[in-house]
Amino acid sequence: MSTFKTALRMALAHPFYLLIYTVFISLMGVFIAASVSWNSSQLTEYKPYDTNVIVVDRDNSDLSRALTKHLSSRFDLVTGVGDDTYDLADALAKSNSAKGSADCVFFILEGFEDDLVAAARAGEDLPKLDVTYGSGTMAAALSSAEASRWISLAGAAAALEPAASNGDVAKAAEHAAAKRAEVQIEQVKVDSTAAATLESYFNFGAYAIISSVIVSVGLVFSGMNEPERVRRMDASPVSERQRSLAVFAAAAVLTVCIWLVSSMMGVVGFASAVAEVGVGRVCLALAATFALACTPLAVGFTLSSLGAREELLNGVGNLLGMLMTFLGGAWMPLSLMGSAVQTVAHFVPTYWVNDAIGKALASDLTSAALGDIVCDLGVTVLFAAAIAAVGLALAHNKSHA
């Protein structure tokens, strides 16, 4: 019992880690899950981003007029603003809601048409527009990219048709620039908003469990393995086997407490969602997160067997937490990732845990789904067992060294 209490006191001696990794990250997960909007009914059609642009055409040629016409078809062309420095600066400084405001100003310099055609047919770099950005840098960058695209198309048309007039080049560029990729809104279908919210929290909550358990448990194991403490414990009447069991029991209790705090923050924070989904299905999801907690417990033990200290435990805990939750689909759906990433995801426990959580919270919880959940939990526990076996082998070799 003395060894057990000593191990727990070592974990409680670092309350900052428990506060940050367990409470703060779990609280962040609550806010993230609460902010997720699953109602996409208002998004029925694609609307391009609104950008206000000013074009100062000092070339007044076929190509410059065609470019101005194209920009006005893609963005909101601001007119009635003088082309002197003060008026243009005033337009850029205004807020987007103000009349006469602009996100960027394009300057088409004199000789633009001749320079573009000559450079294209000589195989040289095409001229670039002078662009001045306002406060809306993203909108300005979007319109600037569109202008560069049109210039590239005009250059290609001039190079492909050496005998074409400048007017024909402008028409060819205008025709090519009019072609657009078709954009559609794909609405994500979910069983219920409550289930989606809980699933989002549990998926992200794995980050808190993984990082907190690795750091806290690793500190307990590494602290109890310090040479001076080991010598003092060897002088006590308690056998090495009993001490090891006591330390492991303390680590297990610490893991359960971390899992409980992280899980209950989600359950309490989304109590109405729990009531809507059903306590039974939520308990299945919690069982999946508990199975996941066994893996960082094994990782913390293995790292301590390697002699890892506080700094390394913090680094590994954070990196593994982010990597495993990413591959589990917490940060981005795996369906949006490449096939290579999806294949690698099968080799981390969070993939199987999140699959079990999704099936547990689904409305059609059948016997087949229950079987899949059991298989997912079994695979998750096997990850922990394999890592723990490596840690035991390292500890055994270290004790006999």
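Residue numbering for the sequence shown follows my numbering, beginning at 10 and increasing consecutively.
Ideal Cβ placement from N, Cα and C applies to all residues, glycine included.
Practice problem: State the beta-bridge partners of residue 384 as determined by DSSP. | Solution: Answer is none; residue 384 lacks a bridge partner.
Which residues in the same chain have their Cβ closer than 8 Å to the Cβ of residue 1, if we skip the five residues on either side of it in sequence?
The displayed coordinates of the chain run from 10 to 410. Any statement about residue 1 would go beyond what the structure contains.
- Following the continuous beta strand (DSSP E) through residue 61, name the residue where it begins and the one where it ends. 61 to 66
Notebook entry, point to check: Going by C-alpha distance, which of 203, 111, 183 and 24 is nearest residue 286?
Noted result: 203
Do residue 100 and residue 41 have their C-beta atoms within less than 8 Å of each other? no
query = Could you give the uninterrupted runs of the beta strand (DSSP E) lying entirely in the segment 82 to 134, keeping only those of 3 residues or more?
reply = 113 to 117
Are residue 354 and residue 330 close, meaning C-beta to C-beta below 8 Å?
no
Comparing C-alpha positions only, which one of 26, 102, 136 and 184 sits nearest to residue 142? 102
| request: Indicate the three-state DSSP secondary structure (helix, strand or coil) for residue 422 in the structure shown. | output: Because the chain here runs from 10 to 410, residue 422 falls outside it and cannot be looked at.
From the DSSP secondary-structure annotation, give me the bridge partner or partners of residue 142.
113
DSSP three-state assignment for residue 23, whether helix, strand or coil | coil
Check each candidate in 34, 382 and 312 and name the one with the smallest Cα separation from residue 300. 382
Unbroken alpha helix (DSSP H) run spanning residue 37, endpoints: 34 to 44
What is the DSSP secondary structure of residue 304, counted as helix, strand or coil? helix
- prompt: Is there contact between the segment 67 to 82 and the segment 118 to 133, where contact requires at least three CB pairs shorter than 8 Å?
  reply: yes
* Host alpha helix (DSSP H) of residue 324 (start-end) -> 319 to 336
- Query: Roughly how many angstroms lie between the CA atoms of residue 49 and residue 87, to the nearest whole one?
  - Reply: Interpretation of residue 49 is limited by its pLDDT of 43, a score under 50 that renders its predicted location unreliable; the figure taken from the coordinates is listed afterwards. For residue 49 and residue 87, the distance between alpha carbons rounds to 33 Å.
Q) With a CB to CB cut of under 6 Å and the five nearest residues on each side skipped, what residues in its chain are close to residue 304? A) 358, 392 and 393
Beta carbon of residue 271, beta carbon of residue 27: below 8 Å?
no
Less than 7 Å between C-beta atoms, sequence neighbours within five positions excluded: which residues of the same chain meet that for residue 134? 128
Check your understanding: The alpha helix (DSSP H) with residue 69 in it runs from where to where?
Key -> Premise fails: residue 69 is in no alpha helix (DSSP H) and is neither H nor E.
| task | Thinking residue 369 and residue 293 are a contact (beta carbons under 8 Å), I'd like their distance in whole angstroms, please. | result | 4 Å
Within the same chain, show all residues whose beta-carbon is closer than 7 Å to that of residue 388, passing over the 5 residues directly before and after it, in chain order. 361
Worksheet item: Going straight from the alpha carbon of residue 273 to that of residue 112, what length do you get?
Response: 47 Å
Quiz item: Does DSSP put residue 137 in a helix, a strand or coil?
Solution: coil
- Message: My assumption, with CB atoms under 8 Å, is that residue 92 sits in contact with residue 65. Please give the rounded CB distance.
- Response: 5 Å
**Message:** Nearest by alpha-carbon distance to residue 95: which of 177, 114 and 82 is it?
**Reply:** 114
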